[in-house]
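J.: First the structure, then my questions, so here it is.
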Amino acid sequence: MCTHYIVVSHIPFAHPVISDLLNLEPLPVSALQNSQYELLYKFTHFNPIQTQIFHTLYHQDVNVLLGAPTGSGKTVAAELAIFRVFNETPSKK
1 MCTHYIVVSH
11 IPFAHPVISD
21 LLNLEPLPVS
31 ALQNSQYELL
41 YKFTHFNPIQ
51 TQIFHTLYHQ
61 DVNVLLGAPT
71 GSGKTVAAEL
81 AIFRVFNETP
91 SKK
(Lines of atoms letter the chains of each structure in order from A and count residues from 1; the text may use other names and numbers.)
(Lines give C-alpha, C1' and ligand atoms only; values in the text may rest on other atoms or scores of the structure.)
Protein backbone atom coordinates (compact mmCIF):
# COMPACT_ATOMS: atom_id res chain seq x y z
CA MET A 1 0.00 0.00 0.00
CA CYS A 2 1.28 3.47 -0.94
CA THR A 3 1.61 5.88 1.95
CA HIS A 4 3.15 8.79 0.05
CA TYR A 5 1.05 11.56 -1.38
CA ILE A 6 1.94 13.56 -4.44
CA VAL A 7 0.76 17.13 -4.70
CA VAL A 8 0.10 18.24 -8.24
CA SER A 9 0.11 21.96 -8.90
CA HIS A 10 -1.29 23.35 -12.09
CA ILE A 11 1.09 25.86 -13.54
CA PRO A 12 -0.39 28.11 -16.22
CA PHE A 13 1.37 27.90 -19.55
CA ALA A 14 2.51 31.04 -21.32
CA HIS A 15 1.65 29.39 -24.64
CA PRO A 16 -1.04 26.87 -25.56
CA VAL A 17 0.02 23.26 -25.21
CA ILE A 18 -2.02 22.13 -28.19
CA SER A 19 -2.26 24.02 -31.48
CA ASP A 20 -5.22 23.65 -33.78
CA LEU A 21 -4.39 22.49 -37.28
CA LEU A 22 -5.02 25.49 -39.49
CA ASN A 23 -6.59 25.26 -42.93
CA LEU A 24 -3.51 26.45 -44.85
CA GLU A 25 -2.62 26.05 -48.51
CA PRO A 26 -0.06 23.24 -48.81
CA LEU A 27 3.43 24.70 -48.92
CA PRO A 28 5.46 23.64 -51.97
CA VAL A 29 8.77 21.87 -51.37
CA SER A 30 10.36 24.70 -53.36
CA ALA A 31 9.91 26.83 -50.19
CA LEU A 32 13.15 25.20 -49.04
CA GLN A 33 14.93 27.34 -51.67
CA ASN A 34 17.67 24.73 -51.86
CA SER A 35 17.71 22.36 -54.84
CA GLN A 36 19.73 19.72 -52.96
CA TYR A 37 17.12 19.51 -50.20
CA GLU A 38 14.23 19.61 -52.67
CA LEU A 39 15.59 16.59 -54.56
CA LEU A 40 15.32 14.48 -51.40
CA TYR A 41 11.52 14.46 -51.59
CA LYS A 42 9.30 12.62 -54.05
CA PHE A 43 6.32 14.81 -53.18
CA THR A 44 5.71 18.36 -54.40
CA HIS A 45 4.02 19.86 -51.32
CA PHE A 46 4.36 19.48 -47.58
CA ASN A 47 1.39 18.02 -45.72
CA PRO A 48 -0.80 20.17 -43.41
CA ILE A 49 1.27 19.58 -40.25
CA GLN A 50 4.56 20.23 -42.05
CA THR A 51 3.11 23.31 -43.75
CA GLN A 52 1.97 24.77 -40.44
CA ILE A 53 5.26 24.18 -38.62
CA PHE A 54 7.60 24.89 -41.58
CA HIS A 55 8.51 28.50 -40.71
CA THR A 56 9.25 27.67 -37.08
CA LEU A 57 11.46 24.68 -37.90
CA TYR A 58 13.24 26.06 -40.97
CA HIS A 59 13.69 29.72 -40.05
CA GLN A 60 13.75 30.03 -36.26
CA ASP A 61 16.11 28.92 -33.53
CA VAL A 62 13.57 27.60 -31.02
CA ASN A 63 12.78 24.37 -29.23
CA VAL A 64 9.83 22.41 -30.60
CA LEU A 65 7.92 19.42 -29.32
CA LEU A 66 5.83 17.95 -32.12
CA GLY A 67 3.36 15.29 -31.10
CA ALA A 68 1.36 13.81 -33.96
CA PRO A 69 0.08 10.38 -35.03
CA THR A 70 2.24 7.78 -36.76
CA GLY A 71 2.57 8.53 -40.46
CA SER A 72 1.78 12.22 -40.09
CA GLY A 73 5.16 13.51 -41.27
CA LYS A 74 7.12 14.05 -38.07
CA THR A 75 10.34 12.72 -39.63
CA VAL A 76 10.18 15.23 -42.48
CA ALA A 77 9.47 17.93 -39.89
CA ALA A 78 12.63 16.91 -38.03
CA GLU A 79 14.56 17.08 -41.30
CA LEU A 80 13.43 20.69 -41.72
CA ALA A 81 15.06 21.54 -38.40
CA ILE A 82 18.22 19.69 -39.44
CA PHE A 83 18.32 21.62 -42.73
CA ARG A 84 18.15 24.86 -40.74
CA VAL A 85 21.25 23.84 -38.78
CA PHE A 86 23.02 22.96 -42.05
CA ASN A 87 22.07 26.37 -43.46
CA GLU A 88 23.31 28.21 -40.37
CA THR A 89 26.60 26.30 -40.06
CA PRO A 90 27.53 25.13 -43.58
CA SER A 91 31.12 24.34 -42.57
CA LYS A 92 29.86 21.67 -40.15
CA LYS A 93 27.90 19.56 -42.68
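For the sequence shown, position 31 (counting from the first letter as 1) is numbered 31 according to my numbering, and the numbering increases by one without interruption. Heads up, the beta-carbon is just placed ideally off N, CA and C, and yes, glycines get one too. Please read all numbers here as calculations on a predicted model, not as lab measurements.
#1: For the alpha helix (DSSP H) that contains V64, what are its first and last residues?
#2: Taking the alpha-carbon positions, what's the A81 to N23 distance?
#3: Select from S72, G71, A78 and H59 the residue whose C-alpha is nearest the C-alpha of L65.
#4: DSSP state of P28, grouped into three classes?
#5: For H55, tell me which candidate among T89, F13 and P26 has the shortest Cα-Cα distance.
#6: Identify every residue that forms a DSSP beta bridge with H55.
T.: Put simply:
#1: Careful: V64 lies outside any alpha helix (DSSP H) and carries neither H nor E.
#2: Straight across, the Cα-Cα distance linking A81 with N23 is about 22 Å.
#3: Nearest option by C-alpha distance: A78.
#4: It is a strand residue.
#5: For the residues T89, F13 and P26, the minimum Cα distance to H55 belongs to P26.
#6: DSSP output for H55 lists no bridge partner at all.
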